[in-house]
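Trainee: I have a structure here, written as structure tokens, and I will follow up with some questions on it.
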Amino acid sequence: MTGRAAVLAGLGVYAPPKVVTNDDLAADLDTSDEWITTRTGIRERRVADADLATTDLATEAGARALKSAGVDQVDAVLLGTTTPDRICPASAPEVATRLGLTHAAACDVSAACTSFVYGLANGTGLIAAGIAERVLVIGAETIFRFMDPQDRTTSVLFGDGAGAAVLRAGRPDEPGALGPFDLGSDGSLADMLAVDAGGSRLWGPDIPREAHFLRMDGREVYRHAVQRMVASSQQVLDRLGWGIEDVDRLVGHQANARILEAVGQRLGVPAERCHINVGRYGNTSAASIPLALGDAELAAGQRVLLTAFGAGFTWGSTALVWPHIDVI
Ligand code: ACO
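So in the numbering used here the end of the sequence shown lands on 967, straight run, no missing numbers.
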């Protein structure tokens, strides 16, 4: 590989302190710790207090990533989120300003649970094109509040959190260089996983209550998530010329432990190399990959495969050799 690459220079993670366990949810909902743990692997999730919005979590994770990278300025901030503070404006400019990034371009990246991987790809593009030397890519969500508290099929699955990465211009053969990327989408399945209200199609005072909450066809999402993450991962491996034995760690979007186990099995990655932290955080959507990278205890030199799938549908994968960085 030749040319300019985007290199991972720092990683920061933040989850709000409030823990909501399965038993806490079962106190008000017809569900149980046993059902949730068996079907999803989720034991607890973090939930942001009502006075915290996505920019608050994103700013904290962004500050930690800047510290991890040892930099105080970047050229662009890309905020991956499904739960921006407002429909307009985007949340990234506010985060950039609060971080003191006075000269940074800033915009949101909206690809649901794939947003962080799409953000990494967009950041890589800005760097490769010479538009930016450094990019801060954030994934942050306050998604728990978008669950209907009366809907046990969704409210047990999600949690809040944030993670952020600083990318810098570098060489493709350096540890930390990202790529190649495989990205895809299928809008014909948009209806499978959606929040219907608040956009231009359903707006105004007469919207039914349920339209403000996330709804999902769980079985279809499950099926497509496994298929797409496997095929997308394989694309990246093929382009790199890596075999499965070359993958030291598979860090997938943390939707559900069963999905991640199925992806690992179909790819042939042994279970001990598949990092799963969904038990502690639930599905944090755009934040899940950076949160998972944050506690995977990766060692410099390990070859890491990232893969994600989300509403849209969208999917994306990439890989890197883990660099010497301190996660904060
Ligand atoms: N507690 C108790 N019972 C429940 C709950 C719950 N929280 N949720 C559903 N059930 C019941 C259902 O009502 C159903 O009851 P019935 O047989 O009487 O009708 C029964 O459990 C089985 O329901 P299924 O939907 O068939 O359960 P399944 O084994 O498919 O598991 C799940 C459901 C966990 C949602 C699964 O389909 C799944 O993991 N899907 C993927 C969805 C996902 O992870 N989405 C995350 C967002 S998308 C993304 O990030 C990619």
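Every residue, glycine too, gets a C-beta built ideally from N, C-alpha and C. These numbers come from a predicted model, not from an experiment.
Any contact between the stretch 781-801 and the stretch 744-752? By contact I mean 3 or more CB pairs, one from each, below 8 angstroms.
Mentor: No, they do not touch.
Trainee: So the beta strand (DSSP E) residue 777 belongs to, where does it begin and stop?
Mentor: Counting along the chain, the beta strand (DSSP E) containing residue 777 begins and ends at 773-780.
Trainee: Is the closest heavy atom of ligand 1 to the C-beta of residue 802 under 6 angstroms?
Mentor: Incorrect: residue 802 has no Cβ contact closer than 6 angstroms to ligand 1.
Trainee: Identify every run of the beta strand (DSSP E) within the stretch 856-887, keeping only runs that are complete inside it and at least 3 residues long; order them along the chain.
Mentor: You should have found no qualifying run.
Trainee: What residues match up with residue 954 in a beta bridge as DSSP calls it?
Mentor: Bridge partners of residue 954: 823, 948.
Trainee: Nearest by alpha-carbon distance to residue 882: which of 942, 709, 919, 823 is it?
Mentor: Closest option to residue 882, Cα to Cα, is 942.
Trainee: Where in the stretch 731-800 do unbroken runs of the alpha helix (DSSP H), each at least 4 residues long, occur, reported from the N-terminal end onward?
Mentor: With a minimum length of 4 residues, the continuous alpha helix (DSSP H) runs that stay inside the stretch 731-800 are 731-737, 754-767, 791-794.
Trainee: So, for residue 885: in the same chain, excluding its five sequence neighbours on each side, which residues have a beta-carbon less than 7 angstroms away from its beta-carbon?
Mentor: Excluding residues within five positions, the ones whose Cβ falls inside 7 angstroms are 942.
Trainee: Hey, out of 658, 965, 953, 684, whose CA is closest to residue 827's CA?
Mentor: Of the listed residues, the one whose Cα sits closest to residue 827 is 953.
Trainee: What's the C-alpha gap between residue 806 and residue 930?
Mentor: When rounded, the distance between both Cα atoms is 17 angstroms.
Trainee: For residue 922, which residues does DSSP report across the bridge?
Mentor: DSSP output for residue 922 lists 797 as bridge partner(s).
Trainee: State yes or no: is the C-beta of residue 791 within less than 7 angstroms of the C-beta of residue 691?
Mentor: Result no, Cβ atoms of residue 791 and residue 691 do not sit closer than 7 angstroms.
Trainee: How long is the line joining the alpha carbons of residue 892 and residue 833, rounded to whole angstroms?
Mentor: Looking at the two C-alpha atoms, the distance is approximately 18 angstroms.
Trainee: Whose C-alpha, out of 736, 682, 812, is nearest the C-alpha of residue 895?
Mentor: Closest by alpha carbon: 682.
Trainee: Starting from residue 718, follow the beta strand (DSSP E) in both directions and report where the run begins and ends.
Mentor: 715-719 is the extent of the beta strand (DSSP E) around residue 718.
Trainee: Which residues does DSSP pair with residue 930 in a beta bridge?
Mentor: Partner(s): none; residue 930 has no beta bridge.
Trainee: Taking residue 959 and residue 817 to be in contact with their CB atoms under 8 angstroms, please state how far apart those CB atoms are, rounded to whole angstroms.
Mentor: Yes, residue 959 and residue 817 are in contact; Cβ-Cβ is about 5 angstroms, under 8 angstroms.
Trainee: Using 6 angstroms as the cut-off, classify the Cβ of residue 933 as near or not near the heavy atoms of ligand 1, replying yes or no.
Mentor: No, the Cβ of residue 933 stays beyond 6 angstroms of every heavy atom of ligand 1.
Trainee: Below 8 angstroms on the Cβ atoms is my contact criterion, and I expect residue 912 with residue 888 to pass it. Report the Cβ-Cβ distance as a whole number of Å.
Mentor: That pair is a contact at about 6 angstroms.
Trainee: Skipping 5 residues on each side, what residues in its chain have a beta carbon closer than 7 angstroms to that of residue 821?
Mentor: Cβ within range, chain order: 871, 874, 875, 955, 956.
Trainee: Name the two residues that bound the continuous alpha helix (DSSP H) containing residue 664.
Mentor: First-last of the alpha helix (DSSP H) with residue 664: 661-665.
Trainee: Beta-carbon separation of residue 762 and residue 644 under 7 angstroms?
Mentor: Taking 7 angstroms as the Cβ cut-off, residue 762 and residue 644 do not qualify as a contacting pair.
Trainee: Would you say the beta carbon of residue 895 comes nearer than 6 angstroms to a heavy atom of ligand 1?
Mentor: Yes, the beta carbon of residue 895 sits closer than 6 angstroms to at least one heavy atom of ligand 1.
Trainee: Run through the DSSP bridge pairs and tell me what residue 943 is partnered with.
Mentor: 888, 959, per the DSSP bridge assignment.
Trainee: Helix, strand or coil for residue 685? Go by DSSP, reduced to three states.
Mentor: Correct three-state label for residue 685: strand.
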